[in-house]
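A.B. asks: Before I ask anything, let me first share the structure, which is written out below as structure tokens.
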Amino acid sequence: MSSISDLIKKIIDGVSNWIERCIPEYEPNAWNDANGIQYNNNCYNYGCDIQTNTYAQPGRAHGITLSPGDLEDCDAVQNGAIADGLKPVNCDEGCGCKDCQHQVALVIWPGVDYHWYRKDQNGKWSHKLGGTPATNLDNSGNLISNPKTADRGNYTLFCGCFCVDKSQVTIN
């Protein structure tokens, strides 16, 4: 019996270590310094959990420049993110992310802006609008359990989910 208990404990510890190492914890203080980190890192930085202090844009690290016309649908922003190393995944089938990856979701305010949400260790979602503080609340002040159904304000177009493996993603 003891060996089975030990094996189960090792499996549980392994999964816990993987989650702690690979899926970001919701720690807004790491982003909300009301100074350089907060103002120089946007939703894409936050979603990818990579502080570049460059106000990163999807695809820019790979020579892709988004224009306002690219914000009518999801294609250009998705293509930029894919060029950066993000991997599309079906949101409705659970995370689908593996191999030390975390999940993000892309939404668009048609013709105006795009925005990213990030799934954290606690299973809830959080986000950071531009230079504003990171938060785990939607526009109605509710915890975000699903960005697809959350109050996203003017970001009415839900584009889908992606997996982020920080060791394979390059943003700028």
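Here our numbering runs 783 ahead of the position in the sequence shown, where the first position is 1. No residue lacks a Cβ here, since even glycine has one placed at the ideal position from N, Cα and C.
Using alpha carbons as the reference points, say which of G913, I865, N823 and I820 lies closest to P841.
C.D. replies: Numbered from 1 along the sequence shown, position 58 holds the residue referred to as residue 841. With distances taken between Cα atoms, P841 lies closest to I865.
A.B. asks: So what's P807 in DSSP terms, helix, strand or just coil?
C.D. replies: Residue mapping note: residue 807 aligns to position 24 of the sequence shown, counting from 1. Three-state result, P807: coil.
A.B. asks: Identify whether R935 lies in helix, strand or coil by the three-state DSSP scheme.
C.D. replies: Locating residue 935 in the sequence shown gives position 152, counting from the first residue. Residue state, collapsed to three classes: coil.
A.B. asks: Please return the same chain residues whose Cβ sits closer than 7 Å to the Cβ of G936, not counting the five positions on each side in sequence.
C.D. replies: Taking the sequence shown and counting its residues from 1, one reaches residue 936 at position 153. So the qualifying residues of the chain are N922.
A.B. asks: Is the region 884-895 in contact with the region 810-821, if contact means three or more CB pairs nearer than 8 Å?
C.D. replies: Counting Cβ pairs under 8 Å, fewer than three are found: no touch.
A.B. asks: Please list, in chain order, all residues of the same chain as Q951 whose beta carbon is under 6 Å from its beta carbon, the five residues on each side excluded.
C.D. replies: Along the sequence shown, read from residue 1 onward, the residue named residue 951 stands at position 168. Only G868 meet the Cβ criterion.
A.B. asks: If I'm right that N836 touches P916 with Cβ under 8 Å, what's the distance once you round it to whole angstroms?
C.D. replies: The sequence position of residue 836 within the sequence shown is 53, counting from 1. The sequence position of residue 916 within the sequence shown is 133, counting from 1. Wrong, their Cβ atoms sit about 16 Å apart, outside the cutoff.
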